[in-house]
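Enquirer: Per mature numbering (1 follows the signal peptide of the UniProt record, and there is no 0), the sequence shown runs over residues -20 to -1, 1 to 274.
Backbone N, C-alpha and C fix where the C-beta goes; we use that ideal spot for every residue, glycine too.
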Amino acid sequence: MKKYLIFFICFLFLFGCSNNKVQKVYSDEEINAAISTNNTLIMEEILKNGVSPNYQFKDGNNLISLALKNNSLDILRVLLKNKADVNMGLGPIKIMGTDKLSPGQTPIYYVKSLEALKLLVNSGSNINDKNTDGTPLLTYFIKYKPIEYSIYLVEKGAYLNIVDREGWTPVFWAGISGNSELLQSMYNKEPLSFAYKDKKGNYPVYYSYSEPNLEIFLQGHYDLNAKNIYGENILGEVYLKAIANGYLDIVKKLINIGVDKNYESYGENGIDTAMEYNSTEILKYLREIGVKEN
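The following block contains the structure:
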């Protein structure tokens, strides 16, 4: 059925153009149909007849964003060949099926495949853009896109210390995402990004509860005496959380890098925490290394 629809659309467009000496005017519906069916023949004809590659629809989309939403890669290539503006700012657009509006943002936020992302980046899309919500592209991708998109952006040099409105960098979001491959790619690219502090004075490691992610975070270099705005020793808190979660290897690594084995928080130390969470293996280990009991 789709094959016949494409043929019919082609026939109408080409017949109309060949029998019209005046420049053809296209409706949004006609242009949309060419994009949704990934029909490059029609799109080439539309552009040849004077429609700008930066044409914007009444709903706020432009040709590139609509091609991305449909993952119409052949159309996207045609638009890029015709110098469409990959960094054109798009105003708030209604999110399909809801009454909500998307933030104002550039087309790259709408990619639906890694191939489309690569085409845009190689055509000059700004990978360090922020939308009108103040969310950096990399942070947006970590939250809402397949993880390989974010890894690709990191490899292409996306800033790792760019902050959102909460004062968090992409590393903070990667740390709570549970994906260690992404976090490792960040460390490989910029090790110092692990030591960035947020508005509360915490390193990203403070918020991570994933054992594989904690393993990677502990490759970083930290001030072992650093405290957050609440007066908590940052690495000491990570130590107690590791005990609470039963991460014996993490506990050992923290002690090996110099975290105080007798660290207390709000009156509780490692022994208290291990007993509270019934971490018998860790409790045994802490007693063996001489952690004081309250």
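Report buried or exposed for Val239, applying the criterion of at least 16 other Cβ atoms within 10 angstroms of its Cβ.
Expert: In the sequence shown, the residue the question calls residue 239 occupies position 259. It counts as buried.
Enquirer: Would DSSP call Val198 helix, strand or coil?
Expert: Residue numbering aside, residue 198 sits at position 218 when the sequence shown is read from its first letter. Checking the sequence shown, residue 198 turns out to be Leu, not Val. In the structure shown, Leu198 sits in coil (DSSP, three-state: anything other than H, G, I, E or B).
Enquirer: According to DSSP, simplified to helix, strand and coil, what is Ser245?
Expert: Along the sequence shown, read from residue 1 onward, the residue named residue 245 stands at position 265. In the structure shown, Ser245 sits in a strand (DSSP, three-state: E or B).
Enquirer: Given Ile55, which residues of its chain have a CB within under 6 Å of its CB, disregarding the five upstream and five downstream residues?
Expert: In the sequence shown, residue 55 corresponds to position 75, counting from 1. Counting only Cβ-Cβ distances below 6 Å, and skipping sequence neighbours, we find Ile15, Asn18, Met23 and Ala47.
Enquirer: In terms of alpha-carbon separation, which member of Arg267, Ile230, Gln85 and Phe197 lies closest to Asn249?
Expert: One-based indexing of the sequence shown puts residue 249 at position 269. Closest by alpha carbon: Arg267.
Enquirer: Around the C-beta of Pro33, are 16 or more other C-beta atoms found within 10 angstroms, so that it is buried, or is it exposed?
Expert: Within the sequence shown, the letter at position 53 stands for residue 33. Buried is the call here.
Enquirer: Using C-beta distances below 6 Å, list every residue in its chain close to Ile127, excluding the 5 sequence neighbours before and after it, in chain order.
Expert: Here residue 127 refers to the residue found at position 147 when the sequence shown is read from its first residue. The answer, listed in chain order, is Asn159 and Leu162.
Enquirer: Mark Gln85 as exposed unless 16 or more other C-beta atoms lie within 10 angstroms of its C-beta, in which case mark it buried.
Expert: Residue 85 sits at position 105 when you count from the first residue of the sequence shown. Gln85 is buried by the Cβ-count criterion.
Enquirer: Return the CA-CA distance between Ile258 and Leu228, expressed in angstroms with no decimal places.
Expert: Counted from its first residue, the sequence shown places residue 258 at position 278. Counted from its first residue, the sequence shown places residue 228 at position 248. Note that residue 258 is Asn in the sequence shown here, rather than Ile. Computed Cα separation, rounded: 13 Å.
Enquirer: Is the beta carbon of Gly216 less than 9 Å from the beta carbon of Ser190?
Expert: As a position in the sequence shown, residue 216 is number 236, starting the count at 1. As a position in the sequence shown, residue 190 is number 210, starting the count at 1. The answer is no: Cβ separation not under 9 Å.
Enquirer: Note down, in chain order, each residue of its chain lying with its Cβ closer than 6 Å to the Cβ of Ile209, except the 5 sequence neighbours on either side.
Expert: Position 229 of the sequence shown, counting from 1, holds the residue named residue 209. Hits under 6 Å: Lys180 and Gly181.
Enquirer: Residue range of the alpha helix (DSSP H) that Met255 falls in?
Expert: Locating residue 255 in the sequence shown gives position 275, counting from the first residue. It spans Gly250 to Glu256 - the alpha helix (DSSP H) in which Met255 sits, taken as one unbroken run.
Enquirer: Taking the alpha-carbon positions, what's the Leu97 to Ile88 distance?
Expert: For the purposes of this step, residue 97 is identified with residue 117 of the sequence shown, where counting begins at 1. For the purposes of this step, residue 88 is identified with residue 108 of the sequence shown, where counting begins at 1. Straight-line Cα distance between these residues: approximately 7 Å.
Enquirer: If you follow the alpha helix (DSSP H) that Met68 is in, where does it begin and where does it stop?
Expert: Within the sequence shown, residue 68 is the residue found at index 88, counting from 1. Careful: Met68 lies outside any alpha helix (DSSP H) and carries neither H nor E.
Enquirer: Look at the alpha carbon of Leu263 and the alpha carbon of Asn108, and state the distance between them as a whole number of angstroms.
Expert: The residue given as residue 263 occupies position 283 in the sequence shown. The residue given as residue 108 occupies position 128 in the sequence shown. Roughly 46 Å between the two C-alpha positions.
Enquirer: I need the straight-line Cα distance from Met68 to Asp79, nearest angstrom please.
Expert: Counting from 1 along the sequence shown, the entry for residue 68 is found at position 88. Counting from 1 along the sequence shown, the entry for residue 79 is found at position 99. About 24 Å.
Enquirer: Please name the residue in Tyr219, Ala224 and Ile237 whose C-alpha comes closest to that of Val231.
Expert: Within the sequence shown, residue 231 is the residue found at index 251, counting from 1. Minimum Cα distance to Val231 is reached at Tyr219.
Enquirer: Just the Cα atoms here: how many angstroms apart are Leu204 and Tyr183?
Expert: Position 224 of the sequence shown, counted from the first residue, corresponds to residue 204. Position 203 of the sequence shown, counted from the first residue, corresponds to residue 183. Going from the Cα of Leu204 to the Cα of Tyr183 covers about 11 Å.
Enquirer: Nearest CA to the CA of Ala222: which residue from Gly247, Glu261, Gly211 and Asp113?
Expert: What you label residue 222 is simply residue 242 of the sequence shown in a count that begins at 1. Taking only the C-alpha atoms, the option nearest Ala222 is Glu261.
Enquirer: State the DSSP-derived secondary structure class of Lys80, mapped to helix, strand or coil.
Expert: As a position in the sequence shown, residue 80 is number 100, starting the count at 1. Note: Lys80 maps to coil in three-state DSSP.
Enquirer: Threshold first: 4 residues or longer. Then list the alpha helix (DSSP H) segments lying entirely within the stretch 140 to 176, N to C.
Expert: Qualifying alpha helix (DSSP H) stretches, in chain order: 150 to 157 and 160 to 169.
Enquirer: Below 8 Å on the Cβ atoms is my contact criterion, and I expect Ile131 with Ser165 to pass it. Report the Cβ-Cβ distance as a whole number of Å.
Expert: The sequence position of residue 131 within the sequence shown is 151, counting from 1. The sequence position of residue 165 within the sequence shown is 185, counting from 1. Contact holds; Cβ gap of about 5 Å.
Enquirer: First and last residue of the alpha helix (DSSP H) that includes Lys98?
Expert: Sequence index remark: in the sequence shown, residue 98 carries index 118 (1-based). Segment Leu94 to Asn102, the alpha helix (DSSP H) holding Lys98.
Enquirer: Since Val218 is in the alpha helix (DSSP H), which residue starts that stretch and which ends it?
Expert: To locate residue 218, count along the sequence shown from 1; it is residue 238. Its alpha helix (DSSP H) spans residues Ile214 to Ala224.
Enquirer: Taking the straight line between their C-alpha atoms, what separation do you get for Gly40 and Pro83?
Expert: Counting from 1 along the sequence shown, the entry for residue 40 is found at position 60. Counting from 1 along the sequence shown, the entry for residue 83 is found at position 103. So the two alpha carbons sit approximately 11 Å from each other.
Enquirer: Can you check whether the CB of Val151 is closer than 9 Å to the CB of Tyr176?
Expert: Position 196 of the sequence shown holds residue 176. Position 171 of the sequence shown holds residue 151. Taking 9 Å as the Cβ cut-off, Tyr176 and Val151 qualify as a contacting pair.
Enquirer: Applying the criterion that 16 or more other CB atoms from any shown protein chain within 10 Å of the CB defines a buried residue, is Val5 buried or exposed?
Expert: For the purposes of this step, residue 5 is taken as residue 25 along the sequence shown, with counting starting at 1. With fewer than 16 other Cβ atoms within 10 Å, it is exposed.
Enquirer: Quick one: grab the DSSP three-state call for Lys110.
Expert: Locating residue 110 in the sequence shown gives position 130, counting from the first residue. Note: Lys110 maps to strand in three-state DSSP.
Enquirer: Where do the ends of the alpha helix (DSSP H) carrying Tyr132 lie?
Expert: Translated into the one-based positions of the sequence shown, residue 132 becomes position 152. Taken as a continuous stretch (DSSP letters only), the alpha helix (DSSP H) holding Tyr132 covers Ile127 to Glu135.
Enquirer: Who does Lys74 pair with in a DSSP beta bridge?
Expert: As a first step, residue 74 must be located in the sequence shown, where it is residue number 94. DSSP, once it has assigned bridges, lists Leu81 as partnering Lys74.
Enquirer: By Cβ distance, which residues of its chain are closer than 8 Å to Tyr243, with the 5 residues on each side in sequence left out?
Expert: What you label residue 243 is simply residue 263 of the sequence shown in a count that begins at 1. Cβ within range, chain order: Asn213, Gly216, Tyr219, Leu220, Asn249 and Gly250.
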